[in-house]
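Visitor:
Protein chains in written order, with the numbering used here: chain A, 147 to 455; chain B, 23 to 349.
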């Protein structure tokens, strides 16, 4: 279940993110073994609550970091939302929307969810990155197709995508929360492999619904506006099959952000699903293929009839 | 104290995790242009005060120049980074100009060209004129020059050379030039060249009018470009520069700066998918010397400058500087 427990105390004003992570008080041993930055890096603007303007931005907290004012963040959220709605191929805009809307609460909730799980904590300590360099793709191709790694690389090859196409996180102020967002973004392809949903618009929307129910990132919820861009048959399938599946499974399963994908490469996919508590949705590719075949058959029958009459 | 304690510790942790595992949270791929982030002004104490007396555009004693707010780059590094910026922005350059200035850049360029009045000639048949448009990549100034000479002054013997160091910008200019009437196209040529060191194809003392619009602030060595301009101009030839400059009114300046640093990188990100290039552009505007300082640089290069030497446009957002090569 997701950790929806409130923080003990938080002084989050619009610009600063000084907060006391309550896990530090509850698990002092773990906090002591983990790097001290857990208490210190959760702040923007070098830990003070100084408001800043665009003319004197504070120094970046990590390479590539751009501290944004509230107005800038709002404008980025609105702008990237509009652009990504009209052009969903602008991955950088979807990424920016995710980052602009995740602060202050949602990314921290996800961060706490990672901190509450032992695997999550290990991921945060190791900070693995998913790139074609860090994953051994040739080795993954040798794995049987029912394993996570085998499914993932088969999916990569079939869809013609590479793990290197993900943008780096820039607009989240806390360095560790920025890593959480980066991890979420890089794991997205694994969620495709885990759920078996294809990369077509319908599959992406269904997956976003699942991610929203599971991670509660606002961008995933806002992406559901794309339901309006689906075809009528796709939309009815979403409301009747994939939407309910996504909500049911997203809410009751474990946090997928805590899966240490690098270690699960040789796990059987069904076993991983059972462990996490995710049921496999109906195969969307099959349904679409059958629907296309059916439509073609009907069209041929109609033309045959037209020719005959 | 707290500030000092937190930032280094965060950095130390990042360094520590990078020792533990090679694939840590690294500057990565978004940054297709820059390997470091643009540092804000408050972290550069000595050089930002230097920019007030206009020496920011000169080369420091240790032989380095600046790239936006980042200092310590060699000239070749700056040239390379500027090249990356303009490769990246070339396709969307004209659309972004319209969005950033609300279309006002067209008014500036129209005024710039008409104030130079190319093609005006008292002889019949008209005297040929050679115009060199530097950093003229996408052709805005050159096309206006050709139109003004051929159509307004009915002087078809005006030849314009568009020179740009960046082939992507030149390519955009070439494809746009195909829309021109044939007579104007025949009087247009393209040259890929570095303005700080022009090739021998431009003979010394051969140019009547040397123009550079919104380009000179990107040059790695502005005094060298000014010397080159002096060299290729005929005696009596005119150097004209349209460039962003310092706004006079403090109130308007406050609004303008905030628009520049907040909205322009955002528009660059939304429209062109490239925040960093536009962040560099607004920083380079900020680092460019003031009207008086630039006028002094033009005079130091050897030009004769009359009266103020510059004309402010839109309250100083842009300025036209002119100089003449002495006879």
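By construction, the Cβ of each residue, glycine as well, lies at the ideal position given by its N, Cα and C atoms.
Does any residue of chain A bring its CB to less than 8 Å from the CB of residue 292 of chain B?
Guide: yes
Visitor: Name the chain A residues whose beta carbon is nearer than 9 Å to that of residue 280 of chain B?
Guide: Chain order gives the chain A residues near residue 280 of chain B as 199, 200, 201, where near means a beta carbon separation below 9 Å.
Visitor: I'd like to know whether the C-beta of residue 274 of chain B is nearer than 8 Å to at least one C-beta of chain A.
Guide: no
Visitor: Please name the residues in the region 235-257 of chain A whose beta-carbon is closer than 9 Å to at least one beta-carbon of chain B, in chain order.
Guide: Taking 9 Å as the Cβ-Cβ cut-off, the region 235-257 of chain A approaches chain B at 236, 238, 239, 241, 242, given in chain order.
Visitor: Report yes or no: do three or more beta-carbon pairs, one from the region 198-209 of chain B and one from the region 84-99 of chain B, lie closer than 8 Å?
Guide: no
Visitor: Could you tell me which uninterrupted beta strand (DSSP E) segments, each at least 3 residues in length, are contained entirely in the region 152-233 of chain B, listed from first to last along the chain?
Guide: 180-186, 210-214
Visitor: Within a Cβ cutoff of 6 Å, which residues of the same chain sit near residue 350 of chain B, ignoring the five residues on either side of it in sequence?
Guide: The structure shown does not extend to residue 350 of chain B, since chain B spans only 23 to 349, so no value can be given for it.
Visitor: How far does the alpha helix (DSSP H) with residue 119 of chain B in it reach, from first residue to last?
Guide: 115-123
Visitor: Which same chain residues end up closer than 8 Å to residue 387 of chain A when comparing Cβ atoms and leaving out the 5 residues on each side of it in sequence?
Guide: Here the set comprises 427, 428.
Visitor: Residue 343 of chain B bridges to which residues according to DSSP?
Guide: B/263, B/332
Visitor: For chain B, check one thing: does any of its Cβ atoms lie closer than 8 Å to the Cβ of residue 218 of chain A?
Guide: For residue 218 of chain A, the answer is yes, since a Cβ of chain B falls inside 8 Å of its Cβ.
Visitor: Do you know offhand how far residue 56 of chain B's Cα is from residue 384 of chain A's?
Guide: For residue 56 of chain B, the predicted model reports a pLDDT of 42, less than 50, meaning its position is unreliable; a value from the coordinates is still stated below. Rounded to whole angstroms, residue 56 of chain B to residue 384 of chain A spans 42 Å at the Cα level.
Visitor: Going by alpha carbons, who is nearest to residue 232 of chain A out of A/369, A/379, A/440, A/433?
Guide: A/369
Visitor: Short of 7 Å in beta carbon distance, which residues of its chain neighbour residue 412 of chain A, apart from the five on each side in sequence? Order them along the chain.
Guide: 289, 293, 295, listed in sequence order.
Visitor: Suppose the cutoff is 6 Å on Cβ atoms and the five residues either side in sequence are ignored; what does the same chain contact list for residue 214 of chain A look like?
Guide: 317
Visitor: Please tell me whether residue 367 of chain A and residue 398 of chain A are closer than 8 Å, where the distance is taken between their beta carbons.
Guide: no
Visitor: Taking the alpha-carbon of residue 237 of chain A as reference, which of A/313, A/275, A/202 has the nearest alpha-carbon?
Guide: The alpha carbon of residue 237 of chain A has as its nearest neighbour, out of A/313, A/275, A/202, the alpha carbon of A/313.
Visitor: When the distance is taken between beta carbons, is residue 158 of chain B closer than 8 Å to residue 184 of chain B?
Guide: Yes.
Visitor: Taking 8 Å as the cut-off, does the region 163-174 of chain B touch the region 87-103 of chain B (at least 3 CB pairs, one atom from each stretch)?
Guide: no
Visitor: Enumerate in chain order the residues of its own chain whose CB-to-CB distance from residue 266 of chain A is below 8 Å, with the five nearest sequence positions on each side excluded.
Guide: 259, 260, 401, 403, 404
Visitor: Can you tell me whether DSSP reads residue 95 of chain B as helix, strand or coil?
Guide: strand
Visitor: If we cut at 8 Å on Cβ distances, does residue 316 of chain B have a partner in chain A?
Guide: no
Visitor: Skipping 5 residues on each side, what residues in its chain have a beta carbon closer than 6 Å to that of residue 323 of chain B?
Guide: 248, 249, 252
Visitor: Can you pull the DSSP bridge partners for residue 89 of chain B?
Guide: B/92
Visitor: Do you know offhand how far residue 437 of chain A's Cα is from residue 228 of chain A's?
Guide: 32 Å
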